[in-house]
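In this note's numbering, the protein residues as written are 32 to 248.
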């Protein structure tokens with residue numbers, strides 16, 4: 032019981048810190064000299080990729096979003112950003128005037144042309160090298176790193192709690208779970224789901240047809 036209370040208290044403190052960070056970010060961004068900009072930050076580790084977007088409108092940051100992509104962790108960062116822009120902005124109706132990121136993309140001209148035609152006005156992809164715009168990119172990258180670290184901490188805390196509840200000698204870094212179904216005892220199939228370090232690994236999922244069942248007394 033005490034452990035749960037400490038966990039809840041730690042989560043509350045973390046949420047307060049993040050709220051203060053968001054207020055601080057809005058104050059810093061208020062000094063930007065241009066409007067209608069999206070800023071993309073990326074962070075990755077051996078398990079997943081986190082992309083964070085800041086939305087700057089009217090010289091103020093009005094919001095942000097983050098996304099996780101486990102399947103992209105082995106790709107180069109420039110390739111990840113380019114693919115994300117295609118997926119994210121090609122489906123959006125309200126496009127910014129500029130999209131800022133760390134990397135100069137090889138597909139820059141092609142993406143700008145498509146986005147500009149879609150928006151009915153010029154849309155630019157920028158990779159600032161200095162000044163306040165570079166600081167905003169760095170800020171987005173720092174926030175993506177913090178978001179990723181928090182996600183990993185949450186998973187680690189869950190695994191530690193599971194280890195304690197099940198009285199396991201080691202942390203359960205790999206978990207395999209099975210679900211077996213049948214129709215009146217026939218057509219037996221099993222599905223296996225695998226999690227590593229708290230992350231579902233879809234590529235390790237398996238489906239089995241069970242032909243023989245050994246019965247013991």
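C-beta atoms are modelled at their ideal positions from N, C-alpha and C, and glycine is treated no differently.
Would you kindly report the start and end of the unbroken alpha helix (DSSP H) that includes residue i?
| i | result |
| --- | --- |
| residue 83 | Residue 83 -> not in any alpha helix (DSSP H); beta strand (DSSP E) instead, spanning 80-88. |
| residue 114 | 108-120 |
| residue 150 | 139-150 |
Is the beta carbon of residue j closer than 9 angstroms to that of residue i?
| i | j | result |
| --- | --- | --- |
| residue 169 | residue 134 | no |
| residue 94 | residue 66 | no |
| residue 222 | residue 233 | no |
| residue 100 | residue 111 | yes |
| residue 220 | residue 206 | no |
Based on Cα-Cα distance, which residue from the options lies nearest to residue i?
| i | options | result |
| --- | --- | --- |
| residue 97 | 91, 86, 90 and 154 | 86 |
| residue 235 | 226, 243 and 242 | 226 |
| residue 177 | 197, 81 and 66 | 81 |
| residue 107 | 137, 197 and 69 | 137 |
| residue 212 | 239, 161, 160 and 203 | 239 |
Can you tell me whether residue i sits near the ligand ADP, meaning its C-beta is under 8 angstroms from at least one heavy atom of the ligand?
| i | result |
| --- | --- |
| residue 165 | The model depicted lacks the ligand ADP and carries no ligand whatsoever. |
Pop quiz: residue i and residue j are said to be a contact at Cβ under 8 angstroms. What is the actual Cβ separation, rounded to whole angstroms?
| i | j | result |
| --- | --- | --- |
| residue 117 | residue 79 | With 8 angstroms as the limit, residue 117 and residue 79 do not qualify as a contact, their Cβ atoms being about 20 angstroms apart. |
With a threshold of 9 angstroms between beta carbons, is residue i in contact with chain C?
| i | result |
| --- | --- |
| residue 67 | Of the protein chains in this structure there is only one, and it is not chain C. |
Taking the beta strand (DSSP E) that residue i falls in, what are its first and last residues?
| i | result |
| --- | --- |
| residue 155 | 155-157 |
| residue 208 | 205-214 |
| residue 123 | Where residue 123 is concerned, there is no enclosing beta strand (DSSP E), given that its DSSP letter is neither H nor E. |
| residue 105 | Careful: residue 105 lies outside any beta strand (DSSP E) and carries neither H nor E. |
Give a yes or no on contact between the segment 64-80 and the segment 118-132, applying the rule of three or more CB pairs nearer than 8 angstroms. Yes, since at least three Cβ pairs between the segment 64-80 and the segment 118-132 fall closer than 8 angstroms, the two stretches touch.
Does the segment 136-154 come into contact with the segment 120-127, if we say contact requires no fewer than three beta-carbon pairs (one atom in each stretch) closer than 8 angstroms? Enough Cβ pairs lie closer than 8 angstroms, so yes.
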